[in-house]
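Heads up: the sequence shown begins at 15 in our numbering, then just goes up one per residue.
Here a beta-carbon is modelled for each residue, glycine too, at the ideal position from N, C-alpha and C.
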Amino acid sequence: MATEYKYSDLDLDFTANPITKDISLKYDVEAVKRSLRNLIFTKKNERFFRPDISGGIHDLLFENFGSIQTVTIRSRIENLIQNYEPRVTEAKIELYEKREQNTLQIDIYFRVRNIPGMQELTLDLQRVR
């Protein structure tokens, strides 16, 4: 019996499938996680045919981290998900500053349409110059 997937996306690590030698695919929850990661890490004007896709998260990384930045980053991520990831039906976003590592940790808890259960994605945004 063949496995039936609801969603699939290219694996942007561009690893080759060992059998078909084609680019590997991500399926279902992993496809949605990859999409969320790409949306959050996309910088303004980085996508040639969709320069409007950007959360502007990187622009805020050099600001002093506080409640205003927390609200702004959370709001931008929520807008990205709502506008560009229709497979996510609900999302909760938590932010943690890791001062020692100069990093902002983003935890996203979300549900994927037509797939049961709550999913989790953890991303680390690093302040680098």
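- T117 is positioned such that its CB atom lies closer than 9 Å to that of Q140.
- By the neighbour-count criterion, in which 16 or more other beta carbons inside 10 Å mark a residue as buried, K57 falls on the exposed side.
- Two segments are said to touch when three or more pairs of C-beta atoms, one from each, lie closer than 8 Å; by this definition the stretch 61 to 77 does not touch the stretch 28 to 38.
- Closest in C-alpha terms to E108, from the list T29, V85, E44, comes V85.
- Around N128, the same chain offers K20 as residues with beta carbons nearer than 7 Å, after the five sequence neighbours per side are excluded.
- Assignment of beta-bridge partners to F124 by DSSP yields A105, Q133.
- Annotation: L137 to I33 spans about 31 Å, alpha carbon to alpha carbon.
- When DSSP states are grouped into helix, strand and coil, T29 belongs to the coil group.
- L50 sits away from E92, with the two beta carbons spaced by 9 Å or more.
- Under the DSSP assignment, K20 falls outside any alpha helix (DSSP H); it carries neither an H nor an E label.
- Taking the Cα positions, D42 is about 11 Å away from P130.
- In this structure, the CA atom of E134 is about 22 Å from the CA atom of S68.
- Secondary structure note for K47: its alpha helix (DSSP H) is the uninterrupted segment 42 to 55.
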